[in-house]
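Offset between the sequence shown (1-based) and the UniProt record's numbering: plus 37.
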Amino acid sequence: GKPNVYVTRRIPQKALDLLQGECSVAQWDADDPVPRVELLKGVKGIDGLYCLLTDKIDAEVLDAAGPGLKAVSTMSVGFDHISLPELRKRKLPLGYTPDVLTDATAELTVALLLTTSRRLVEGVHEVKSGGWGTWIPLWMCGSGLSGSTVGIVGLGRIGAAVAERLKPFGVSRFLYHGRNPKPEAAGKVGAVHVELEELLSESDFVIATCALTPETKEMFNKTVFSKMKSSAIFINTSRGGVVHQEDLYEALKRGTIKAAGLDVTTPEPLPTDHPLLTLDNCVVLPHIGSATVETRTEMAVLAARNLLAGLKGEKMPAQVQL
Ligand code: GLV
Ligand code: GLV
38 GKPNVYVTRR IPQKALDLLQ GECSVAQWDA DDPVPRVELL KGVKGIDGLY
88 CLLTDKIDAE VLDAAGPGLK AVSTMSVGFD HISLPELRKR KLPLGYTPDV
138 LTDATAELTV ALLLTTSRRL VEGVHEVKSG GWGTWIPLWM CGSGLSGSTV
188 GIVGLGRIGA AVAERLKPFG VSRFLYHGRN PKPEAAGKVG AVHVELEELL
238 SESDFVIATC ALTPETKEMF NKTVFSKMKS SAIFINTSRG GVVHQEDLYE
288 ALKRGTIKAA GLDVTTPEPL PTDHPLLTLD NCVVLPHIGS ATVETRTEMA
338 VLAARNLLAG LKGEKMPAQV QL
């Protein structure tokens, strides 16, 4: 018979059609994440799992699925929500969605940087609240990109695409830090691989586009913020987990750094009474880096193709090296 697949969310129709063409599909047919108990029930006896970044895929879920499980596919480029050791143990392939979301996410990163550096949210608020009295020479002044130094932590596909987009704004120097030098990506914008300390002390804008791993977990902490310029602006479009959020709050409150723009937080959603949301110098977006209609459809379709390939024992179009 057809392989049984469980999809943990309502996804674009095109992707669902692809899966239904070859599989018997059960789905958590809602826009809210599947509750844990439903997930554990839903995966029983499946051959393939199609999941999202909001689903924690660990030993318990894989055990609940049982020995028939052949492949896991996530509709995301990040896979920190999935236990890789548990997949390795079971020799399960994992599909993800790189490349298709690079442009959209880089675009959003630039948008968030400009929103934060030019204080757009504050400005809109002033207009609506009547705070706009007149044109004032030093009112609502931010910082410009022209002649600036941009530091990118994690010059992967997205980080490199961010740098390429920022270059035309007149950024004079790109620094980057990561485990390995990336000469090819760096070459396009003339980015220089430096130690983290140097990146922090030299950069006017520090952008996190690194994956969340044990090495990057909460790496943006008090010590790191204290090494940045007091005029520095911090942007995070990777994962909330790379930031020690209480330390970021203190750094913004005390003026250790000037401002922050976050597309990702801990937790998500960020509670509406969270201290970060009381700060004028912090812009928080609801994890929308890849959120264009085209991109989300491409991600959903790629995740479907990955799962279908995995079910057949073929190499996935985009498979994680486990
Ligand atoms: C989004 O954060 C993704 O990992 O695709
Ligand atoms: C600003 O609008 C200016 O004319 O300087």
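Think of the CB as a built atom: it goes at the ideal place given N, C-alpha and C, for glycine as much as any other residue. Everything numeric in this text was worked out from a predicted model, so none of it was measured.
Chain-order list of residues whose beta-carbon lies under 7 Å from that of residue i (same chain, five-residue window excluded)
i	result
G347	G85, K107, A108, S110, P130, G132, M353
Check: residue i C-beta below 8 Å from any heavy atom of ligand 1
i	result
residue 364	Only positions 38 to 359 of the chain appear in the structure, and residue 364 is not among them; the question remains open.
V301	yes
L90	yes
T134	yes
M336	yes
S113	yes
residue 365	As displayed, the chain neither begins before 38 nor continues past 359, which places residue 365 out of reach and without an answer.
G326	yes
R276	yes
Own chain residues within Cβ distance below 6 Å of residue i, not counting five before or after
i	result
L236	G188, L212, H214
R342	P354
D92	T45
S180	S154
T139	R194, I195, A198
T253	C247, V279
Contact under 9 Å by Cβ, residue i with residue j
i	j	result
T146	I244	yes
H324	T303	no
L307	V280	no
L121	L359	yes
A288	S268	no
A101	K81	yes
Beta carbon proximity, residue i to chain C, threshold 9 Å
i	result
V330	The structure shown contains no chain C; it holds only a single protein chain.
In DSSP terms, what residue i is bridged to
i	result
S110	Y87, G132
V161	Partner(s): none; V161 has no beta bridge.
Y43	A63, L86
Y213	I189, H230
Residue i, DSSP secondary structure in three states
i	result
F262	helix
V190	strand
G224	helix
F116	coil
V357	coil
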